[in-house]
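Data block below; observations after.
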Amino acid sequence: MALFSRELGIDLGTFFIRVAEGNEVVLQEPTVAAIVIDEQKMVAWGQEAQNMLGKVPESLEVTRPLENGVIADYEVTEYMLAALLKKLTGPLRIFGPRVMVTVPYGVTSVESRAVHEATLQAGGREAYLVQQPLAAALGVDLPIGTPSGNMLICLGGGSTQAAVMAMYGIVSAETLRAGGMSLDEAIVGYVRKKYGLIIGQLTAEQVKIRIGAAVPQEEEQSIEIQGQDQVNGLPRPASLTTGEIVEALREPLGNIIDTARRVLEKTPPELVSDIIDRGVALTGGGAMLRGIDKLMTKELGIPAYRVDNPMMCTAQGAARALEMYPVIRRNLPAV
Ligand SMILES: Nc1ncnc2c1ncn2[C@@H]1O[C@H](COP(=O)(O)OP(=O)(O)OP(=O)(O)O)[C@@H](O)[C@H]1O
Ligand SMILES: [Mg+2]
Numbered sequence: 403m404a405l406f407s408r409e410l411g412i413d414l415g416t417f418f419i420r421v422a423e424g425n426e427v428v429l430q431e432p433t434v435a436a437i438v439i440d441e442q443k444m445v446a447w448g449q450e451a452q453n454m455l456g457k458v459p460e461s462l463e464v465t466r467p468l469e470n471g472v473i474a475d476y477e478v479t480e481y482m483l484a485a486l487l488k489k490l491t492g493p494l495r496i497f498g499p500r501v502m503v504t505v506p507y508g509v510t511s512v513e514s515r516a517v518h519e520a521t522l523q524a525g526g527r528e529a530y531l532v533q534q535p536l537a538a539a540l541g542v543d544l545p546i547g548t549p550s551g552n553m554l555i556c557l558g559g560g561s562t563q564a565a566v567m568a569m570y571g572i573v574s575a576e577t578l579r580a581g582g583m584s585l586d587e588a589i590v591g592y593v594r595k596k597y598g599l600i601i602g603q604l605t606a607e608q609v610k611i612r613i614g615a616a617v618p619q620e621e622e623q624s625i626e627i628q629g630q631d632q633v634n635g636l637p638r639p640a641s642l643t644t645g646e647i648v649e650a651l652r653e654p655l656g657n658i659i660d661t662a663r664r665v666l667e668k669t670p671p672e673l674v675s676d677i678i679d680r681g682v683a684l685t686g687g688g689a690m691l692r693g694i695d696k697l698m699t700k701e702l703g704i705p706a707y708r709v710d711n712p713m714m715c716t717a718q719g720a721a722r723a724l725e726m727y728p729v730i731r732r733n734l735p736a737v
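The sequence shown begins at 403 in the working numbering and counts up by one.
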């Protein structure tokens, strides 16, 4: 049992919670909890709870406590954070950990206070908050401590955040309360309209990950899916191609591009010229979508690139933010 307090960076995402200590990601679990409805007691969380989705009796509810990056169910979030801290630090600790938790850029003070409170209630000895784009930029080592422009887009599951940063602070940014999940929904809608078939969001997500792309690909892939006929309710197969997914994703990706464009528009020209030189960093699970870098590059007119570790960098950066707290504190959300 370690006597010293541990220092953790927590990326509290809509779909995944990731925890880093130093530069190492020590935990990654789906942001899902299984709750006994009558007692409001959590019986499983993370992957274990995710495996129960759609397969539980009426007495249990499997839920995601975050929506579009912000806490929708305070209690369940707190239960999850408590379970996570206990798993990482053990029950017999004298000092709780010091924790830096991420919040989306632009959340209200009520929303950020909820994250702060939940972390303390869950056993954090000290809790601080950092905006996700700032954490991600620290995690991928962008030179944001300098008086020059750095742009990063977090393509999360429930949110999209585009930000320009300099001097360890956010200069201009915008959050769209839509992300990867809206891409899945667009695929569901496309298949219903074109084939008269109903498919679930999880199937749509699989299709997106397996054959999806943001721009037409040289090598067209296809996948066989099973849906439910919209009219007679019977199961029926259909085959989807990469080209069809590109078409289905056009509109939600357009919204994401518009968000990034608006941020560029309100960025001072000197900083924009730095960004043109350095490119736009893409992070989050959505950065894994084939061709997203090409689409962004074309639509923004500035080279965009996927960072090395798009899904882990925000947690790593949160841990980094804790180490750098004295330097960056002025630029962190107040609680
Ligand atoms: N290979 C892939 N291609 C396309 N999308 C992907 C791929 N892998 C993961 N994703 C998507 O990434 C999203 C999850 O990303 P991430 O883990 O960054 O989200 P999050 O941090 O939980 O959400 P948020 O930051 O919005 O709160 C999901 O929508 C998932 O479908
Ligand atoms: Mg995220």
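We put the CB at the ideal spot given by N, CA and C, even for glycine.
- In this structure R638 does not touch I625 by the C-beta definition: roughly 15 Å separates them, more than the 8 Å allowed.
- Proximity to Y592 across A706, D660 and P654 peaks at P654, based on C-alpha coordinates.
- Excluding sequence positions up to five before and after G571, its CB lies within less than 7 Å of the CB of N733, all in the same chain and listed in chain order.
- In this structure, the beta-carbon distance from L651 to K596 does not fall below 9 Å.
- Of all C-beta pairs linking the segment 418-436 to the segment 456-466, three or more are shorter than 8 Å, placing the two stretches in contact.
- Under the DSSP assignment, L462 falls in the beta strand (DSSP E) whose first and last residues are L462 to T465.
- Fully contained in the segment 508-559 are the following alpha helix (DSSP H) runs of length 4 or more, in chain order: 511-523 and 534-541.
- Contact between the segment 697-713 and the segment 575-592 is absent: fewer than three C-beta pairs spanning the two stretches fall below 8 Å.
- Two segments are said to touch when three or more pairs of C-beta atoms, one from each, lie closer than 8 Å; by this definition the segment 713-725 touches the segment 681-697.
- Those residues having their beta-carbon less than 5 Å away from any non-hydrogen atom of ligand 2 are, in chain order, G415 and G558.
- Distances from the alpha-carbon of G424 to those of L540, E441 and V438 put L540 closest.
- When only Cα atoms are considered, A538 and G688 end up about 14 Å apart.
- DSSP lists L554 and Y707 as the bridge partner or partners of A683.
- In the three-state DSSP reduction, L642 falls in the strand class (E or B).
- Comparing alpha-carbon positions, the option among E450, G551 and G415 lying closest to D676 turns out to be G551.
- A distance below 6 Å between beta-carbons, with the five flanking residues on each side excluded, links P728 to no residue of its chain.
- Note on geometry: alpha-carbon atoms of P671 and K488 lie some 48 Å from one another.
- Per DSSP, the continuous beta strand (DSSP E) segment holding A422 begins and ends at F418 to E423.
- Counting along the chain, no beta strand (DSSP E) covers G582; the unbroken alpha helix (DSSP H) around it starts and ends at G582 to Y597.
- Only exposed fits P618, as fewer than 16 other CB atoms lie within 10 angstroms of its CB.
- Excluding the 5 residues flanking it on each side, N470 has same chain C-beta neighbours closer than 6 Å at G560, S561 and R579, in chain order.
- Judged by DSSP secondary structure, P712 falls outside any alpha helix (DSSP H); it is assigned neither H nor E.
- Short note on G471: C-beta closer than 8 Å to some heavy atom of ligand 1.
- In its chain, beyond the 5 residues on either side, M502 have a beta carbon closer than 6 Å to the beta carbon of Y530.
- Here R692 is buried. Its C-beta has 16 or more other C-beta atoms within 10 Å.
- In this structure, I647 keeps its C-beta atom at 9 Å or more from the C-beta atom of I601.
- The three-state reading of DSSP puts G688 in helix, counting H, G and I together.
- Counting only residues of its own chain and dropping the five nearest sequence neighbours on each side, I659 has a CB closer than 8 Å to the CB of L697, M698, E701 and L702.
- Under DSSP, V472 takes part in a beta bridge, and its partners are E469.
- Assignment of T504 by DSSP, reduced to helix, strand and coil, places it in the strand class.
- Relative to N657, the option among R594, L636, M726 and E576 whose CA is nearest is E576.
- With contacts defined as CB atoms closer than 9 Å, Q533 and A568 fail to qualify as a contacting pair.
- Within the same chain, Cβ atoms closer than 8 Å to the Cβ of Q630 are found at L599, I600, I601, L636, P637 and R638, the five residues on either side in sequence being excluded.
- Linking R708 to S514 through their CA atoms gives a straight-line distance of about 28 Å.
- Residue environment analysis places I412 among the buried positions, since at least 16 neighbouring C-beta atoms fall within 10 angstroms of its C-beta.
- Separation of the CB atoms of V472 and V421 is rounded to 19 Å, and the pair is thereby denied contact status at 8 Å.
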